[in-house]
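Residue numbers (the UniProt record's numbering): 1 to 191.
Just so you know, even glycine gets a beta-carbon here, dropped at the ideal spot from N, CA and C.
All values derive from a computational prediction rather than experimental measurement.
Worksheet: one structure, shown below.
Spelled out as structure tokens, the structure:
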């Protein structure tokens, strides 16, 4: 109950305070990618229920030959996690929480079994210890010979363990700590 109240207050305050930033980044994403600027994708939510997640589009739909898939502005948005701002609407709708396991594509969390399925009892979050540890996951994976195998055998099992640890140790003050680490990480880390 306290967590949901906090999620509503935090996301409302963030949307009101950063409305101008959401609007500007959305317009930049739309212009840069030649799309509507919003990316909607199915993810796995609490209890394994699918939901639609909102993100700012950072990838070119049809990149020209020799041009990178990630747009110039998209790279900036991803670096500072600004592409995640629309997920505050997912939090307001009750589909996500501020802190919790990041929602994954179908075929991962929904296929967990045994004790690992406890992760699905949690609402997915905007941030987590696992998302901080793997904030540069796409760059790590692109350096692998077999990125999907590396993800499935190394990265995903580690995320599951980190999220299971969170399940057993979660608390209001622990969530505040994760939020503060996320803010520090986004604004003060070295690239």
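Three or more beta-carbon pairs under 8 Å between the stretch 110-117 and the stretch 29-43, yes or no?
They do not touch, by the three-pair rule.
Determine contact between the stretch 155-164 and the stretch 130-137, defined as no fewer than three beta-carbon pairs at a distance below 8 Å.
Touching, per the Cβ criterion.
So what's residue 42 in DSSP terms, helix, strand or just coil?
Numbered from 1 along the chain shown, position 42 holds the residue referred to as residue 42. Reduced to three states, the DSSP call for residue 42 is strand.
How many Å lie between residue 149 and residue 104 at the Cα?
For the purposes of this step, residue 149 is taken as residue 149 along the chain shown, with counting starting at 1. For the purposes of this step, residue 104 is taken as residue 104 along the chain shown, with counting starting at 1. When rounded, the distance between both Cα atoms is 16 Å.
Taking residue 163 and residue 119 to be in contact with their CB atoms under 8 Å, please state how far apart those CB atoms are, rounded to whole angstroms.
Residue numbering aside, residue 163 sits at position 163 when the chain shown is read from its first letter. Residue numbering aside, residue 119 sits at position 119 when the chain shown is read from its first letter. Their Cβ separation, rounded to whole angstroms, is 5 Å, which keeps residue 163 and residue 119 in contact under 8 Å.
Check each candidate in 58, 107, 43 and 96 and name the one with the smallest Cα separation from residue 10.
The residue given as residue 10 occupies position 10 in the chain shown. With distances taken between Cα atoms, residue 10 lies closest to 96.
Where does the unbroken beta strand (DSSP E) through residue 53 begin, and where does it stop?
Within the chain shown, the letter at position 53 stands for residue 53. Taken as a continuous stretch (DSSP letters only), the beta strand (DSSP E) holding residue 53 covers 50-56.
Once you ignore the five residues that flank residue 46 on each side, which residues in its own chain have a CB closer than 6 Å to its CB?
Along the chain shown, one-based indexing puts residue 46 at 46. Cβ neighbours of residue 46 beyond the five flanking positions: 123.
Kindly indicate which residue of 37, 87, 59 and 101 has the alpha-carbon position closest to the one of residue 24.
Here residue 24 corresponds to residue number 24 of the chain shown, with the count starting at 1. Closest option to residue 24, Cα to Cα, is 37.
Quick check on the burial criterion: 16 or more other C-beta atoms within 10 angstroms. Buried or exposed for residue 174?
Here the question's residue 174 lines up with position 174 in the chain shown. Residue 174 comes out exposed.
Report yes if the C-beta distance between residue 169 and residue 126 is below 7 Å; otherwise report no.
One-based indexing of the chain shown puts residue 169 at position 169. One-based indexing of the chain shown puts residue 126 at position 126. No, the Cβ-Cβ distance between residue 169 and residue 126 is not below 7 Å.
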